[in-house]
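Order-wise, the sequence lines are chains A and B. The numbers in the first sequence follow my numbering, run straight up by one, and end at 146. The numbers in the second sequence follow my numbering, run straight up by one, and end at 122. Written below as structure tokens is the structure these notes are about.
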Amino acid sequence: AQTVTQSQPEMSVQEAETVTLSCTYDTSESDYYLFWYKQPPSRQMILVIRQEAYKQQNATENRFSVNFQKAAKSFSLKISDSQLGDAAMYFCAYRGSNYKLTFGKGTLLTVNP
Amino acid sequence: GAGVSQSPSNKVTEKGKDVELRCDPISGHTALYWYRQRLGQGLEFLIYFQGNSAPDKSGLPSDRFSAERTGESVSTLTIQRTQQEDSAVYLCASSRSTYTGELFFGEGSRLTVL
């Protein structure tokens with residue numbers, strides 16, 4: 034079974050600084066998708082960024098980018114120019130051939146003004 | 009609709025009662041997922057539907073849990089004889105298909121069993 038590990042239960046960053054959230058996963062598949070979701074206190078999960086495993090180029094979405102290392106099974110999220118609105122729980126997720134998303138336990142990000 | 013809608017938003021029930029949680033997916037989304045999130049924890053997969061069929065219900069914790077979907081639209085998650093350990097937020101998500109992998113989530117139903 035696939036597993037997703039987020040080793041940082043909590044992280045903090047100063048406003049306007051950069052922070053990197055870590056994620057590793059375990060799989061024997063070669064074709065899969067990886068995601069970062071954000072869950073603010075409102076509870077609604079919001080997709081931040083996705084990465085297809087067959088693409089070597091790292092995905093970017095404005096201030097959010099990933100460092101995808103397929104051989105190392107690592108998928109970290111970098112948030113640049115952090116804003117107060119970035120404060121949330123961040124979940125890394127994996128989707129393989131069985132179609133369900135497997136989530137990590139999450140990293141709580143605090144942004145300090 | 010514009011987004012995934014779940015009801016009720018909050019439900020408080022007594023141990024032993026049955027509860028039904030409802031999910032209205034985004035119109036046209038064929039895949040629908042249920043997840044459970046205990047306080048301060050990650051998301052635990054329960055079941056997913058492709059159309060009205062449930063190819064994977066491996067995450068349902070016990071036979072007290074069941075789910076159905078009709079008209080390739082609304083889904084209900086039913087918990088019979090609720091226990092205190094069932095207290096959690098139940099999240100529903102939909103996607104255009106199981107192949108795209110991008111899930112759109114509702115705001116969840118918070119269930120508290122006293």
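Beta carbons: idealized from backbone N, C-alpha and C, even for Gly. On a predicted model such as this, the values are computed, not experimentally measured, just so you know.
Measuring alpha carbon to alpha carbon, tell me which of Leu54(B), Gly24(B) and Ser103(B) ends up nearest Ser81(B).
Ser103(B)
Mind reading off the beta-carbon distance from Thr60(A) to Tyr132(A)? Whole number of angstroms is fine, and I expect it under 8 Å.
So it is not a contact: roughly 14 Å between Cβ atoms.
Neighbour-count burial assignment, Pro69(B), 16 or more Cβ in a 10 Å radius
exposed
Looking only at its own chain, which residues have a Cβ that is under 8 Å from the Cβ of Thr21(B), when we skip the five neighbours before and after it?
Val27, Thr90, Leu119, Thr120, Val121 and Leu122
Which residues in the same chain as Asp119(A) place their Cβ atom closer than 7 Å to its Cβ, once the five residues preceding and following it in sequence are excluded?
Ile112, Leu142 and Val144
Based on Cα-Cα distance, which residue from Thr84(B), Lys19(B), Gly36(B) and Gly59(B) lies nearest to Gln95(B)?
Note that residue 95(B) is Ser in the sequence shown here, rather than Gln. If we check each option's Cα against that of Ser95(B), Lys19(B) comes out closest.
Cross-chain neighbours of Glu110(B) in chain A, by beta carbon under 7 Å
Leu80 and Arg83
For a quick check, are the C-beta atoms of Arg30(B) and Ser17(B) less than 8 Å apart?
no
Going by the C-beta, is Ile34(B) closer than 7 Å to any heavy atom of the ligand COA?
Among the ligands in the structure shown, none appear at all, so the ligand COA cannot be discussed.
The beta strand (DSSP E) with Met78(A) in it runs from where to where?
Neither: Met78(A) is in no beta strand (DSSP E) and is coded neither H nor E.
If you drop the 5 nearest sequence neighbours on each side, which residues of the same chain put their C-beta closer than 8 Å to that of Glu48(A)?
Ser115, Gln116, Leu117, Val144, Asn145 and Pro146
Would you check if the distance between the CB atom of Met78(A) and the CB atom of Phe113(B) is smaller than 8 Å?
yes
Every unbroken beta strand (DSSP E) inside the region 40-95 of chain B [3 residues or more]
51-58, 61-64, 73-77 and 83-87
Answer yes or no: does any C-beta atom of chain A fall closer than 8 Å to that of Tyr98(B)?
no
Give the secondary structure of Asp119(A) by DSSP, where H, G and I count as helix, E and B as strand, and everything else as coil.
helix
Any beta carbon of chain B sitting closer than 8 Å to that of Leu134(A)?
yes
Sheet register partners of Arg96(A) (DSSP bridge):
For Arg96(A), which the question treats as bridged, DSSP gives no partner whatsoever.
Using 8 Å as the Cβ pair cut-off and three pairs as the minimum, do the region 71-81 of chain B and the region 50-60 of chain B touch?
yes
Is the beta carbon of Leu111(B) sitting closer than 8 Å to the one on Gln45(B)?
no
Look at the Cβ atom of Ala39(B), then the Cβ atom of Ser105(B), and state whether they are nearer than 8 Å.
yes
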